[in-house]
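Visitor: Numbering follows this note's numbering, in which position 222 of the sequence shown is assigned residue number 871; successive positions increment by one, without gaps. Glycine included, each C-beta is placed from N, C-alpha and C at the ideal position. Once you've had a glance at the structure underneath, I'll fire off some questions.
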Amino acid sequence: MRLSRRDTLKILALSSAAAATGTWTARADAPPPTTTPVLFTLPPLPYAYDALEPHLDAQTMTIHHTKHHQAYVDNLNKALAIHPDLAAHPLDDLLRNLNDLPESVHTAVRNHGGGHANHALFWSSLSPSGGTPPTGPLGEAITTTFQSFDTMREQLLQAGKSLFGSGWTWLCLDTRGNLMITTTPNQDSPLTRDLLPLVGLDVWEHAYYLKYQNRRADYLDAVARVIDWTTVEARYIEAVAD
Ligand code: MN3
Numbered sequence: 650m651r652l653s654r655r656d657t658l659k660i661l662a663l664s665s666a667a668a669a670t671g672t673w674t675a676r677a678d679a680p681p682p683t684t685t686p687v688l689f690t691l692p693p694l695p696y697a698y699d700a701l702e703p704h705l706d707a708q709t710m711t712i713h714h715t716k717h718h719q720a721y722v723d724n725l726n727k728a729l730a731i732h733p734d735l736a737a738h739p740l741d742d743l744l745r746n747l748n749d750l751p752e753s754v755h756t757a758v759r760n761h762g763g764g765h766a767n768h769a770l771f772w773s774s775l776s777p778s779g780g781t782p783p784t785g786p787l788g789e790a791i792t793t794t795f796q797s798f799d800t801m802r803e804q805l806l807q808a809g810k811s812l813f814g815s816g817w818t819w820l821c822l823d824t825r826g827n828l829m830i831t832t833t834p835n836q837d838s839p840l841t842r843d844l845l846p847l848v849g850l851d852v853w854e855h856a857y858y859l860k861y862q863n864r865r866a867d868y869l870d871a872v873a874r875v876i877d878w879t880t881v882e883a884r885y886i887e888a889v890a891d
């Protein structure tokens with residue numbers, strides 16, 4: 650994986666120490682200060698709002714992206730305005746090192762940072778031409794781990810159907826490179842548990858209530874039909890190569 654936990658911890662420790670003591674500005678040989686925090690922005694959807702019909706309806710997609718996801722981005726930016734040193738780091742690194750962040754931003758990064766990262770991954774894992782099982786290295790790893798693609802798919806959906814309250818069901822890679830299915834509550838990111846999420850399905854009611862009402866199982870069956878396994882497989886190949 651691109652940056653080890655130890656490396657990111659070092660970076661976070663350095664930037665926190667620098668922020669606390671002002672060493673960035675006091676030392677002539679120090680790297681230039683990060684004067685403008687990298688504010689997080691809402692990524693556009695890689696397809697039209699109605700592109701995933703009839704599985705995901707345009708109204709739900711529009712509200713989900715422009716209201717719910719936007720709110721996570723806005724609240725994350727608000728929270729990190731007091732810590733521009735942290736805002737300069739990739740969000741994934743902040744989530745990996747969540748428990749080392751200052752108390753003043755910990756909850757906001759967990760909820761809104763997690764919300765932003767989870768939704769960004771979600772949108773990019775879906776496609777109107779999705780649904781076809783992976784046939785390369787991920788396809789092989791899924792067969793080795795779960796016996797078959799259908800068994801993995803069933804476990805992924807069943808975990809989402811069984812999740813109490815709001816959260817996500819995930820196919821992740823653990824630190825030893827093994828595939829696993831897990832769930833997280835609320836907007837918790839698998840990154841905080843040292844897991845790399847390959848694909849996650851949003852099982853908050855806001856993801857399906859307008860079309861599916863209380864029928865979460867029907868929504869999960871539908872969203873699974875538009876998972877872009879080509880993109881998920883590319884994510885897997887990149888992760889295991891690092
Ligand atoms: Mn959502």
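1. Taking the alpha carbon of W878 as the point to measure from, which residue in K860, H738, L847 and D699 has its own alpha carbon closest?
2. Relative to the C-alpha of P777, which residue among P692, T794 and A700 is closest?
3. Check whether the region 831–847 and the region 857–869 are in contact - that is, three or more C-beta pairs closer than 8 angstroms.
4. What residues are listed by DSSP as bridge partners for D851?
5. The alpha helix (DSSP H) that contains D805, what's its start and end?
6. State the Cα-Cα distance for the pair H732 and G809, rounded to the nearest angstrom.
7. At the level of alpha carbons, what is the spacing between V758 and S797?
8. Does I886 pass the burial test, meaning 16 or more other C-beta atoms within 10 Å, or should it be called exposed?
9. Give the single residue among L688, G780, E752 and S838 whose Cα lies nearest to the Cα of A737.
10. Of the residues V722, D734, L775 and N835, which one's Cα is nearest the Cα of P695?
11. With a threshold of 16 other CB atoms inside 10 Å of the CB of T824, please say whether the residue is buried or exposed.
12. Which residues mark the beginning and the end of the beta strand (DSSP E) in which T756 is found?
13. When burial is assigned at 16 or more other CB atoms within 10 Å of the CB, is N748 buried or exposed?
14. Nearer than 6 angstroms: is that true of the beta carbon of A769 relative to any heavy atom of the ligand MN3?
15. Keeping to the same chain, check which residues put their C-beta closer than 7 angstroms to that of T866; ignore five residues upstream and five downstream.
16. How would you label P839, buried or exposed, when you count the other beta carbons within 10 angstroms and need 16 or more for buried?
17. Short of 6 angstroms in beta carbon distance, which residues of its chain neighbour A769, apart from the five on each side in sequence? Order them along the chain.
18. Buried or exposed, going by whether 16 or more other CB atoms sit within 10 Å of the CB of E789?
19. Can you determine whether any heavy atom of the ligand MN3 sits closer than 6 angstroms to the C-beta of W853, and answer yes or no?
20. By the 10 Å Cβ neighbour count, where 16 or more other Cβ atoms means buried, how is F813 classified, buried or exposed?
21. By the DSSP assignment, the alpha helix (DSSP H) with T709 in it spans what residues?
Guide: With the structure as the only source:
1. Taking the sequence shown and counting its residues from 1, the one referred to as residue 878 is at position 229. When each option's Cα is compared against that of W878, the closest is L847.
2. Here residue 777 corresponds to residue number 128 of the sequence shown, with the count starting at 1. Checking every option, the nearest Cα to that of P777 belongs to A700.
3. As far as the Cβ criterion goes, the region 831–847 does not touch the region 857–869, which means the pair count is below three.
4. Along the sequence shown, read from residue 1 onward, the residue named residue 851 stands at position 202. DSSP links D851 through a beta bridge to W817.
5. Within the sequence shown, residue 805 is the residue found at index 156, counting from 1. The sequence shown places Leu at residue 805, rather than the Asp named in the question. From DSSP, the alpha helix (DSSP H) with L805 extends over F798 to S811.
6. Stepping through the sequence shown from its first residue, residue 732 is reached at position 83. Stepping through the sequence shown from its first residue, residue 809 is reached at position 160. If you take the alpha carbons of H732 and G809, they lie about 35 angstroms apart.
7. Counting from one through the sequence shown, the residue named residue 758 turns up at place 109. Counting from one through the sequence shown, the residue named residue 797 turns up at place 148. Straight-line Cα distance between these residues: approximately 36 angstroms.
8. Here residue 886 refers to the residue found at position 237 when the sequence shown is read from its first residue. Residue environment: I886 is assigned as exposed (fewer than 16 neighbouring CB atoms within 10 Å of its CB, all protein chains considered).
9. In the sequence shown, counting from the first residue as 1, residue 737 sits at position 88. It is L688 whose Cα lies nearest to the Cα of A737.
10. Taking the first residue of the sequence shown as position 1, residue 695 is located at position 46. Of the candidates V722, D734, L775 and N835, the residue whose Cα lies closest to the Cα of P695 is L775.
11. Here residue 824 refers to the residue found at position 175 of the sequence shown. With fewer than 16 other Cβ atoms inside 10 Å of its own Cβ, T824 counts as exposed.
12. The residue given as residue 756 occupies position 107 in the sequence shown. Boundaries for T756: no beta strand (DSSP E) harbours it, while the alpha helix (DSSP H) harbouring it runs E752 to A757, taken from the DSSP string.
13. Here residue 748 is taken as the residue at index 99 of the sequence shown, counted from 1. Looking at its Cβ environment, which holds fewer than 16 other Cβ atoms inside 10 Å, N748 is exposed.
14. Here residue 769 refers to the residue found at position 120 of the sequence shown. Answer for A769: no, Cβ out of range of the ligand MN3.
15. Along the sequence shown, one-based indexing puts residue 866 at 217. Per the sequence shown, the amino acid found at residue 866 is Ala instead of Thr. In the same chain as A866, and ignoring 5 residues on each side of it, the C-beta atoms closer than 7 angstroms to its own belong to K810, in chain order.
16. Taking the sequence shown and counting its residues from 1, the one referred to as residue 839 is at position 190. By the neighbour-count rule (16 or more Cβ atoms within 10 Å), P839 is buried.
17. Along the sequence shown, read from residue 1 onward, the residue named residue 769 stands at position 120. If the five residues before and after A769 are omitted, its C-beta is found closer than 6 angstroms to the C-beta atoms of P692, all from its own chain and listed in chain order.
18. Residue 789 sits at position 140 when you count from the first residue of the sequence shown. Classification of E789: exposed, given that the 10 Å Cβ count is below 16.
19. As a first step, residue 853 must be located in the sequence shown, where it is residue number 204. Within the cutoff, so yes.
20. Taking the sequence shown and counting its residues from 1, one reaches residue 813 at position 164. With fewer than 16 other beta carbons inside 10 angstroms of its own, F813 counts as exposed.
21. For the purposes of this step, residue 709 is taken as residue 60 along the sequence shown, with counting starting at 1. T709 -> alpha helix (DSSP H) spans A707 to I712.
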